[in-house]
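Novice:
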Amino acid sequence: MSKRSMNPKTKKKLIIGISAGVLVLLLILFLLLFKGCSHSIFGGTPTLSIETPQKISKTDTQEIMLDVTISSFGDAIYPAASMSISFDSSRLEFIGIEEGNVFIRNDEGEIPQKLPEWSCNPEQCNKSGKINIMYLDTTGGKNAFSKELLSTDENVVLRLKFRLRGSVRSGDICDLIFDDAVFAASDETESLAMTTDTLKVRNGKIVVGD
């Protein structure tokens, strides 16, 4: 008995169908791999961000408040933290910092948490065009940052206060750029730092409108 040959049109449709199926499977595999890589590279790395506000009118004389947020911490505790942020002091006046809502441990007190006391010199910052901020836990760890006290709804480390100077013009973009940032652990290998790429940063800006 002779085998019946496949109709050329049917054979062509079958090949097209198989090819399409293979392409779909490859696409799904690629998306899964990309998602996994994205999570491993970006998703798990703590990120310090300066939140950009809405456009500010050049005639606005009110103080401008910018949140500095942290996405996560590692498993260590961090008894020291610092950050250095460049800004255009010819267009912005840095007024100072306000407390955020990220707590530190309070192992010596009745209440298990408290807010950190950041150190900063606004006058010097305006002279240099660089905001240098520091926190140091003098107890060596009893008043440290830790992931147990961080939540997605309360992740504002501190707030930066600015005022527009009279020199600003409509259309000006005043960048706020991290030069350095670190949350230091007792074991240096567990620290989060820009220099070791264990701490990502996201810069901010103030956009001036009419």
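Just so you know, we're using this note's numbering here: the sequence shown kicks off at 1254 and counts up by one. Virtual Cβ for every residue (Gly too), placed ideally from N, Cα, C.
So the alpha helix (DSSP H) N1396 belongs to, where does it begin and stop?
Specialist: Counting along the chain, N1396 falls outside any alpha helix (DSSP H), and DSSP gives it neither H nor E.
Novice: Would you kindly work out how many angstroms separate the C-alpha atoms of K1453 and E1363, rounded to a whole number?
Specialist: Their backbone Cα atoms lie some 34 Å apart in a straight line.
Novice: Report the three-state DSSP secondary structure of T1442 (helix, strand or coil).
Specialist: In the structure shown, T1442 sits in a helix (DSSP, three-state: H, G or I).
Novice: Decide if L1445 is buried, meaning its Cβ has at least 16 other Cβ atoms within 10 Å, or exposed.
Specialist: So L1445 ends up on the buried side.
Novice: Going along the chain, which residues of its own chain have a beta-carbon closer than 7 Å to the beta-carbon of H1292, five neighbours each way excluded?
Specialist: Annotation note: pLDDT 34 at H1292 (below 50); position unreliable, coordinate value reported separately. If we look at H1292 and ignore the five residues flanking it on each side, it has no Cβ neighbours.
Novice: So for L1402, helix, strand or coil by DSSP?
Specialist: The answer is helix: DSSP assigns L1402 an H, G or I state.
Novice: Curious, which full-length beta strand (DSSP E) runs of at least 3 residues does the stretch 1283 to 1363 contain?
Specialist: If we require 3 residues or more, the beta strand (DSSP E) runs fully inside the stretch 1283 to 1363 come out as 1300 to 1303, 1317 to 1323, 1333 to 1339 and 1345 to 1352.
Novice: Based on Cα-Cα distance, which residue from D1428, P1365 and L1411 lies nearest to L1301?
Specialist: The residue with the shortest Cα to Cα distance from L1301 is L1411.
Novice: Give every residue of the same chain whose Cβ lies closer than 6 Å to the Cβ of C1427, excluding the five residues on either side of it in the sequence, and list them in chain order.
Specialist: D1341, R1344, L1345 and I1459.
Novice: Give me the Cβ distance between A1397 and I1350, rounded to the nearest whole Å; I'm assuming they're in contact under 8 Å.
Specialist: The pair is not a contact, with the Cβ atoms about 19 Å apart (cut-off 8 Å).
Novice: From which residue to which residue does the alpha helix (DSSP H) around N1379 run?
Specialist: Looking at the DSSP string, the run of the alpha helix (DSSP H) that includes N1379 is P1375 to S1381.
Novice: Under three-state DSSP, which class holds D1432?
Specialist: D1432 falls in the strand class under three-state DSSP.
Novice: Among the candidates N1374, D1390, T1392 and T1391, whose CA atom is the shortest distance from the CA of I1384?
Specialist: Closest option to I1384, Cα to Cα, is N1374.
Novice: Assuming T1392 and E1361 are in contact, meaning their beta carbons sit under 8 Å apart, how far apart are those beta carbons, in whole angstroms?
Specialist: Indeed, because the Cβ distance is near 7 Å, the residues count as touching under 8 Å.
Novice: Buried or exposed for L1429, going by 16 or more other Cβ atoms inside 10 Å?
Specialist: By the neighbour-count rule (16 or more Cβ atoms within 10 Å), L1429 is buried.
Novice: Can you tell me the Cα-Cα spacing of K1367 and L1402, whole angstroms?
Specialist: Straight-line Cα distance between these residues: approximately 10 Å.
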